[in-house]
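Numbering (my numbering), first residue to last: 46 to 486.
The structure appears right after this line, and notes come after that.
Structure follows, in structure tokens:
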């Protein structure tokens, strides 16, 4: 076993990023990267800006997110430079110059205008990473979003440093506080809108600060995988809630889903059984080398659940082979999670950018890589009653193998999804989500 680093987690993180950068640039003609945080974008014919979302490559190096028009200069074996944009402005409050121990690893330079960055760098030696291609062209950067370098960095982003793992664990704790309050609000009779507001208050997040748009789906709304609205009115017969909601810490995302039945019965039994299958699958992760195989194993479990609950008489193996299980679980088992909810590199086989596409029958799978230490990914099986897909199944040759009276009874409940975030360490899964529930509840 390698000795534990004596560096603090952030110092160790920066050291790792410097090593990755040096390796990524080794086969290029670049001396470094100038990485833009991104800029604000105004709505058409309006003076209001859309919510700002920071460039994840920028956020990977510095734990600040609300910093439009800032830049970092990173070069192998050099102290990284943060060009922090702090304009003189009396219309809006400028961001405060970063403080804290992490800044000791940086040369922090405050700028009032983006042109000051151009005057302090040699763009002809640098690769530009960011969305503002026009700016990079104006500066005459040597390369813009260099593909080979980004492939290299994206592949390695799957392996989380100690600093990143700790940030992800803290995000999970924050999200769990929101989930517990959302559950209370549901059982108190709250609407989707009220539940969302309760979640935001408990996590101390503004809506634009969450890592993705929260899904708060009551009843049949849970059959829409990424349901995007918040009804203000409570359904006349409120029977279920699916909440898929996260939180961030230093830019790192928690992605957690829970499903609740208001009363006992067939749907509540399905939720409990799905939870058991999800936990059982997580316990078997060490038995699998590749995530695709884990996904297929969960498809078998969902199919077994359909049999055990009386929803189908077709064997689990036949359900997966014929594709009928897809009608109840049409999404992938999970994805990498980190700086982005659906983190990059999930289909990459190597630093060169070679892709391994998901199986033809499971096109929505976002992770096909081998399972390795320091990866963080979700395990989020689902079972849904989606009218469009059920109509297709009912019209198929396999229709007689399914219990349509029971299916019709369950359609008003929408569906089930249970999602945890898993960190691999020493070949074993560490469930960041369940740990957070145990600590916070």
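Even for Gly, the Cβ is constructed at its ideal location relative to N, Cα and C.
If you're wondering where the values come from, they're calculated on a predicted model, not measured in any experiment.
Who are the near neighbours of residue i in its chain, counting only those whose CB is closer than 7 Å to its CB and skipping five residues on each side?
i, result
"residue 155", "129, 131 and 142"
"residue 265", "456, 457 and 459"
"residue 162", "116, 128 and 156"
"residue 46", "With a pLDDT of 42 at residue 46, under the threshold of 50, the modelled position of that residue is not reliable, and no figure is offered here."
"residue 427", "374, 376, 460, 461 and 462"
"residue 476", "327, 465 and 467"
"residue 349", "361"
"residue 347", "370, 373, 374, 426 and 428"
"residue 473", "331"
"residue 172", "75, 78, 186, 187, 188, 191 and 194"
"residue 231", "240, 286 and 305"
"residue 438", "369, 372, 444 and 447"
"residue 250", "292"
"residue 222", "247, 248 and 485"
From the DSSP output, read off the bridge partner residues of residue i.
i, result
"residue 427", "462"
"residue 340", "Looking at the DSSP assignment, residue 340 forms no beta bridge with any residue, so it has no partner."
"residue 475", "468"
"residue 130", "156"
"residue 447", "357"
"residue 78", "119 and 172"
"residue 87", "94"
"residue 260", "289"
Determine the direct distance from the alpha carbon of residue j to that of residue i, and round the result to whole angstroms.
i, j, result
"residue 197", "residue 102", "13 Å"
"residue 484", "residue 218", "8 Å"
"residue 401", "residue 202", "17 Å"
"residue 395", "residue 200", "6 Å"
"residue 96", "residue 252", "10 Å"
"residue 119", "residue 65", "11 Å"
"residue 220", "residue 358", "39 Å"
"residue 302", "residue 419", "22 Å"
"residue 451", "residue 356", "7 Å"
"residue 79", "residue 319", "47 Å"
"residue 329", "residue 254", "34 Å"
"residue 189", "residue 241", "40 Å"
"residue 284", "residue 229", "14 Å"
"residue 244", "residue 213", "18 Å"
"residue 22", "residue 268", "Summary: the structure shown does not reach residue 22, with the chain confined to residues 46 through 486, and so no result is reported for it."
"residue 363", "residue 353", "15 Å"
"residue 87", "residue 93", "5 Å"
"residue 453", "residue 446", "15 Å"
"residue 48", "residue 62", "With a pLDDT of 48 at residue 48, under the threshold of 50, the modelled position of that residue is not reliable, and no figure is offered here."
"residue 343", "residue 323", "8 Å"
"residue 139", "residue 89", "24 Å"
"residue 150", "residue 106", "11 Å"
"residue 321", "residue 351", "14 Å"
"residue 480", "residue 182", "47 Å"
"residue 311", "residue 435", "18 Å"
"residue 180", "residue 126", "19 Å"
"residue 334", "residue 385", "24 Å"
"residue 58", "residue 148", "13 Å"
"residue 19", "residue 292", "The structure shown has nothing for residue 19, since the chain only spans 46 to 486."
"residue 288", "residue 73", "45 Å"
"residue 60", "residue 430", "48 Å"
"residue 104", "residue 81", "10 Å"
"residue 295", "residue 399", "30 Å"
"residue 108", "residue 297", "9 Å"
"residue 388", "residue 227", "26 Å"
Using C-beta distances below 8 Å, list every residue in its chain close to residue i, excluding the 5 sequence neighbours before and after it, in chain order.
i, result
"residue 146", "53 and 55"
"residue 404", "337, 341 and 410"
"residue 135", "none"
"residue 274", "237 and 266"
"residue 98", "83"
"residue 471", "418"
"residue 313", "306"
Given residue i, which residues of its chain have a CB within under 6 Å of its CB, disregarding the five upstream and five downstream residues?
i, result
"residue 114", "84, 130 and 159"
"residue 478", "217, 301, 465 and 466"
"residue 205", "419 and 421"
"residue 111", "none"
"residue 272", "260, 262 and 266"
Please check if any C-beta of chain C sits within less than 9 Å of the C-beta of residue i.
i, result
"residue 250", "No chain C appears in this structure, which consists of one protein chain only."
If you measure from the CB of residue i, is any heavy atom of the ligand MN nearer than 8 Å?
i, result
"residue 218", "No copy of the ligand MN occurs in the structure displayed, which carries no ligand at all."
Exercise. Just list the beta strand (DSSP E) runs in the region 366 to 428, keeping only unbroken ones of 3 residues or longer that don't cross its boundaries, in chain order.
Key: 421 to 424
Can at least three beta-carbon pairs, one atom from the region 419 to 432 and one from the region 463 to 477, be found at a separation below 8 Å?
-> yes
Are there three or more Cβ pairs, one per stretch, closer than 8 Å when the region 380 to 400 is compared with the region 171 to 180? no
**Request:** Run through the region 100 to 126 for me and flag every whole alpha helix (DSSP H) of 4 or more residues, listed as ranges in chain order.
**Result:** 101 to 106
What residue ranges within the region 146 to 213 form continuous alpha helix (DSSP H) runs of no fewer than 4 residues, ordered along the chain? 160 to 165, 178 to 184 and 192 to 201
| message | To test your reading of the DSSP string, which unbroken alpha helix (DSSP H) runs of 4 or more residues are found completely within the region 223 to 251? | response | 237 to 248
### Query
Which parts of the region 283 to 356 are runs of the alpha helix (DSSP H), unbroken and 4 residues or longer, counting only runs that do not cross its ends?
311 to 328 and 336 to 353
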